[in-house]
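These notes are about the structure you will find just below.
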Amino acid sequence: MKKSVDIKEKAGEYLQIGWVFALAIAIVGVLFIPECAPNPYTPKVEAGVITIELPPEMRQLAEPPPPPKPKMPVEAETAEEVEQTTIERTDFTGFEKAPPPPPTETPDFVPYDTPPEPIYITKPKYPEIGRKAGVEGVVYLKLLLDTTGYVIDVKIVKSLNLAFDESAAKAARTWRFSPAKQRDRPVRVWLGYPVRFTLKD
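The numbering of the sequence shown is the UniProt record's numbering, which starts it at 1 and goes up by one.
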């Protein structure tokens, strides 16, 4: 009949045997495993060095002088001395006045939600030379209205006669309209307006 072996009693003995085997394996590995030497990288193509001789003219050139050494700061004795050495005089005599900004021109078309409506329109004076000649017709004007509705510029789009054009433009400068509005904000706009001359009136 086999005797039972207590593992707890043999644990210390087994541990010692394991340490002996591990130490023996380490010694054998150190003695018999070959040493691995590093293999440095060597480029396949060696870089060449090209030497260029300088011409005689460049050989005679002298080296530039070294830059001057910065001055060491020295403590000033008075406040006036500090201002004289650190603050330079500023001369404003060479400056010219800035040119005035260019006038803002109103484009030919300005979008608006509320169109201008005539409030005060005076009839232009009929030219006497045209009345005697029995001339009738229409002068087409282009009016620039400001944000209050007043006419601030007049251009002749289609002329009838010089006398009729001047009479129509003179009368148009006294007219007034309700201002054009863009999102409830008054804007300057150009407005085309015909002026009709008839003898019956």
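The C-beta atom is built at its ideal place from N, Cα and C for all residues, glycine as well.
Separation of residue j from residue i, as counted between CA atoms
i, j, result
"D146", "P111", "14 Å"
"V135", "L199", "8 Å"
"K125", "D184", "36 Å"
"R173", "I152", "7 Å"
"L23", "G29", "10 Å"
"A168", "V195", "7 Å"
"G130", "L144", "27 Å"
"E63", "P40", "42 Å"
"P115", "K123", "22 Å"
"G137", "Y193", "14 Å"
"T51", "K71", "42 Å"
"F164", "P127", "6 Å"
Sheet register partners of residue i (DSSP bridge)
i, result
"D153", "L144"
"P40", "Answer is none; P40 lacks a bridge partner."
"R176", "Y120, Y150"
Environment of residue i [buried if 16+ CB atoms lie within 10 Å]
i, result
"V187", "buried"
"Q16", "exposed"
"Y14", "exposed"
"P38", "exposed"
"A133", "exposed"
"A180", "buried"
Integer Cβ distance of residue i from residue j, believed to fall under 8 Å
i, j, result
"I156", "V139", "7 Å"
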